[in-house]
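The opening residue of the sequence shown carries number 1 in UniProt numbering; numbering runs sequentially from there. Beta carbons are placed, not taken as given, at the ideal position from N, Cα and C, and that holds for glycine. See below for the structure under consideration.
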Amino acid sequence: MKILFNEWSCSNITDKQKNDIQANIEKELLSVQDKIKPLPKKLTVSIFEIPRTRSPKRSLECFGVDDNGDELVTYVYPLSGEGSTFRFPDPKD
């Protein structure tokens, strides 16, 4: 599975931090690719900062979609590095 990063919406992140975060997210997504159904050849990931009203820790929410725009995985990535979570929607019939 190839991972492409499409959209970023996050404040106060340097290019180096962005590259490091993308590398970490890619590694994490590849580690759970057996849970992504159906497994696409290409997963396009958009990343958004979660508002502080929804999360006390500064975190990013990452949405992985296939070529049809179907969401296959959501990944919450805390910038502290602890407490990440995945959600896998039920595959569409």
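Please look up how many angstroms separate the CB atoms of Glu28 and Ser84, rounded, as I've assumed it's under 8 Å. 7 Å
For Glu7, count neighbouring C-beta atoms within 10 Å of its own C-beta (all shown protein chains included) and say buried if the count is 16 or more, exposed if not. exposed
Can you have a look at Glu61 and say buried or exposed, based on whether 16 or more other CB atoms are within 10 angstroms of its CB? buried
Classify Val73: buried if its beta carbon has 16 or more other beta carbons within 10 angstroms, exposed otherwise. buried
Among the residues of its own chain, which have a CB less than 6 Å from the CB of Thr44, if the five just before and after it don't count? Leu4, Asn6 and Val65
Name the two residues that bound the continuous alpha helix (DSSP H) containing Asn24. Asp15 to Ser31
Per DSSP, what kind of secondary structure is Lys35 in: helix, strand or coil? helix
How far does the beta strand (DSSP E) with Phe88 in it reach, from first residue to last? It is not in any beta strand (DSSP E) - Phe88 carries neither H nor E in the DSSP assignment.
Note down, in chain order, each residue of its chain lying with its Cβ closer than 7 Å to the Cβ of Val32, except the 5 sequence neighbours on either side. Phe86
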